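Residue numbers (our numbering), protein chains in the order written: chain A, -8 to 440; chain B, -8 to 440.
The beta carbon of each residue, even a glycine, is placed where N, CA and C say it ideally should be.
This structure is a prediction, so every number in the text was calculated from the model and none was measured.
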């Protein structure tokens, strides 16, 4: 009766747009089952100079495990799908190759982040889930890195966003992606358990209100967690709250405590006042953590104003990527049966053919990317590597820790102009000459232009 | 090894912020286990005159089923939680009462949409999941109804957003919530299966490109689905695509076909040209469907410009609620052990005490709401009803169809000034005199003001 609608390993095959199946049935009927190549890429936006790749592991999990159960097939039959197609789905397994840029790598618009090479119906059926699985993690990893950059890598950043994430899965993905993007951890306990991400947490206003006054609440908490206490001090008046935190710590004979959290008001002004109170009481070690409406722009502003804030709980704006809640991203057919194809729709034209992306560095810093045909060779670093062959993972996937390290290293290689927070500079990769020639050829062929 | 991180019935207990558990352990230790009342409510935003409630059924599912497994407890032990608390969690069951405004009802800022009355640790532990479960569905149901209003209830609206939803669960919730908000269906097959929502789908550009030309692709599709064909006509040139659709239909001797879809370009201009082509060919019945960047503002603009568009696929902007990707919503303690409490943080003050909301109509139209103390009686319609008692659902939950019907009916009762799309008027419910007196009393008590 009562239904949640959880998505899991056994029903994820149906988490797809109906038209993927509608088209696949026609492909099967017409023997349109030759190898297709699809690109997943991001179109340019003025709000981001670059993106951080994330979500590949979840995509590979899906591709390795997708299958249709009898219950799924019964439902599809009820929608009118034909028996020959249901038979095909009954034995469905993804058998294709996947070329991908690694998680934690810097990516730019128009670059194929993931390239699928598989029999056309397979490559088509996986489209919706693929985009769903990649878009949000890329958004969040990118937003996280921007917070990291704004904080000059010196602030402890924690994902507080689970409650405001769009559903349960977004909460999990945001925790993983923000960790990749340089965050220190998450408040999300399940993400801690599933991904081994450090978990953080303090107290809520309700805790203070339930006890009725701050002293009582602070004391109860500090007694239970002497080594971990972060007092939430803004329930009534932040400066008074700081004084009470200090009083309680003194009363309990605490030589130090973890810190205090400010969740409202003028954080720059208040953090300076609170820092003074803590220092004068001899609690120089106690940290000041801020939360409430935090994003990369706020952190940048705080740094410019020398706010003595040591760390941030970044919630809503991180997990929904508030200033850019979606990517203009696409999954497009670029080759079928060795024939390069492209789409000419206004503002939505695609680059044809199976591809490679080469990255060039100069003096250890990023210089440029070139998007080229797959067989072209350049004296740079190729970014797309084969991660799945005939439906099996064919590479050692890095640990989450490793991905995070690499992400921070990759970002450190970006030049200053691409690291700006506010007034972002747009970088568009170059297109190789051969790729340009191919585009012109196809334009002539299709549009007689 | 490879992990997706799915959330499901057996691990959802850990999909919570660490501090909920941290606080609960202190509550247990201190015997702070008396009844608490928490309100979930939305703070005002200038972007919405009203909201549509959604997500209650998923919340109740969670509350009925939340429990901690041994594996969960092992993980929590590794985080340092103490044995007395782990014992408590081992036997954890939500035993509280839930008062809620029904799904599909119009809700306004500051009104308790859901009110939880439970032993303090229980009411605390469920906080994060509760907000996560309610926020996104309310956002999407509201966005959907705004599209419905913009289209004057005459357009066929379909959720195309799964791919751009923030993760798998958001895709499911968006399908359900948009259906509540007056949509005709979704492209999401799993949502169709799980919730019984009608599913829709046509073809993608990749379908055209794989065949290499529109005639071949259109013909293959129309042969397979003679009764359901919607031709996607903008891959190369929309007007030429319309002509080809007509040619193929004639060639196959089709007396009619479902329609055509436009996904790019100047939709107003193109839809008029395409309508003419269809009509002149005798396909007056064929519908024109538009997609690509659709939202309530676009639909309103199309109506003002008399674009002959019969329906819309609304994707990204719907499922991420692009112009308002998060609600400033909160779950706040308002009463503990029969003592009303409130928070005074700047811009985040709360209304104290267990509450009721009364709605008043005049000549069949919405007149006003009053937020009052729970025991107050007014000559209006009380909106909060008890839906769960001692952890058990105590009411007949309406079907999704019924919720959808009610939502459309509820919106039809709103006055013109609250139905504007663009230049929204903000409506803030009244506060009863007794509630105001209580607020003043508490202010004096806490702030000596």
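Does the beta carbon of residue 304 of chain A come closer than 7 angstroms to any beta carbon on chain B?
-> no
Contact between the region 223 to 233 of chain A and the region 241 to 257 of chain A is defined here as three or more beta-carbon pairs at a separation below 8 angstroms; is this criterion met? yes
**OP:** Could you list which residues in chain A have their beta carbon closer than 7 angstroms to that of residue 55 of chain B, in chain order?
**Re:** -7
Using a Cβ cut-off of 9 angstroms, which residues of the region 320 to 347 of chain A contact any Cβ in chain B, in chain order? 320, 322, 323, 324, 325, 327, 328, 330, 332, 333, 334, 335, 336, 337, 338, 339, 341
Thinking C-alpha only, which one of A/393, A/37, A/115, A/249 is nearest residue 412 of chain A? A/37
One or two residues paired with residue 110 of chain A in a DSSP bridge = A/26
Between the region 423 to 433 of chain B and the region 339 to 349 of chain B, do at least 3 Cβ pairs fall closer than 8 angstroms? yes
Which residues, taken in chain order from the region 121 to 151 of chain A, show a beta carbon closer than 9 angstroms to some beta carbon of chain B? 121, 122, 123, 124, 126, 127, 128, 130, 131, 151
query = Along the region -3 to 11 of chain B, what residues have a CB closer than 9 angstroms to any CB found in chain A?
reply = -3, -2, -1, 0, 2, 3, 4, 5, 6, 7, 8, 9, 10, 11
Note to self: Give the list of continuous alpha helix (DSSP H) stretches no shorter than 4 residues that lie fully inside the region 288 to 344 of chain B.
What the structure shows: 307 to 310
* For residue 274 of chain B, the nearest candidate out of B/287, B/249, B/264, B/283 (CA to CA) -> B/249
ask   = Opposite residue 252 of chain B in the DSSP bridges: which residues?
value = B/223, B/280
Next on the checklist: Among A/24, A/353, A/49, A/16, whose alpha-carbon lies nearest the alpha-carbon of residue 441 of chain B?
Outcome noted: Nothing in the structure corresponds to residue 441 of chain B, since chain B is present only between -8 and 440.
**Message:** Using only the alpha-carbon positions, how far apart do residue 303 of chain A and residue 283 of chain B sit?
**Reply:** 37 angstroms
Tell me, please, whether the region 174 to 181 of chain B touches the region 4 to 24 of chain A by the rule of three or more beta-carbon pairs shorter than 8 angstroms.
yes
Next on the checklist: Tell me which residues of the region 72 to 89 of chain B have at least one Cβ-Cβ distance to chain A shorter than 7 angstroms, keeping chain order.
Outcome noted: none
**Prompt:** Would residue 265 of chain A count as contacting chain C if we go by Cβ distances under 7 angstroms?
**Reply:** This model lacks chain C altogether; the protein chains it does include are A and B.
- [ ] Sort B/205, B/311, B/57, B/69 by Cα distance to residue 160 of chain B and report the nearest one.
- [x] B/311
- request: Could I get the ranges of all uninterrupted alpha helix (DSSP H) runs contained in the region 66 to 146 of chain B, with 4 residues as the minimum, in chain order?
  value: 74 to 81, 111 to 116, 118 to 141
- Query: Of the residues B/229, B/239, B/106, which one's Cα is nearest the Cα of residue 265 of chain B?
  - Reply: B/229
Handout entry: Beta-carbon proximity check, residue 374 of chain B vs residue 348 of chain B, cutoff 7 angstroms
Key = yes
* To do: Measure from the C-beta of residue 395 of chain B to each C-beta in chain A and report whether the shortest distance is under 7 angstroms.
  => no
Check: Does the beta carbon of residue 154 of chain A come closer than 7 angstroms to any beta carbon on chain B?
Finding: yes
Residue 139 of chain A vs residue 167 of chain A beta-carbon contact at 7 angstroms: no
Contacts around residue 109 of chain A, its chain only, beta-carbon distance under 6 angstroms, and the 5 residues preceding and following it disregarded: 87
(message) Cβ closer than 7 angstroms: which chain B residues qualify as neighbours of residue 21 of chain A?
(response) 211
With DSSP run on the structure shown, which of helix, strand or coil describes residue 37 of chain A? coil
**Asked** How about residue 158 of chain B: is its C-beta nearer than 7 angstroms to some C-beta of chain A?
**Response** yes
**OP:** Select from B/70, B/2, B/116, B/133 the residue whose C-alpha is nearest the C-alpha of residue 46 of chain B.
**Re:** B/133
Subject >> residue 157 of chain A versus residue 111 of chain A - alpha carbon distance >> reply: 32 angstroms
- Query: Between which two residues does the alpha helix (DSSP H) carrying residue 237 of chain A extend?
  - Reply: 229 to 242
Self-check item: Assigned secondary structure, residue -2 of chain B (DSSP; H/G/I helix, E/B strand, else coil)
Solution: coil
Review point. Is residue 432 of chain B close to chain A, meaning its C-beta is less than 7 angstroms from at least one C-beta of that chain?
Key: no
- Quick one: what does DSSP say residue 179 of chain B is sitting in, helix, strand or coil? strand
message = Distance check for residue 393 of chain A and residue 144 of chain A, CA to CA, integer angstroms please.
response = 17 angstroms
- Message: Judging by CA-CA distance, which residue of A/173, A/24, A/3 is the nearest neighbour of residue 400 of chain A?
- Response: A/173
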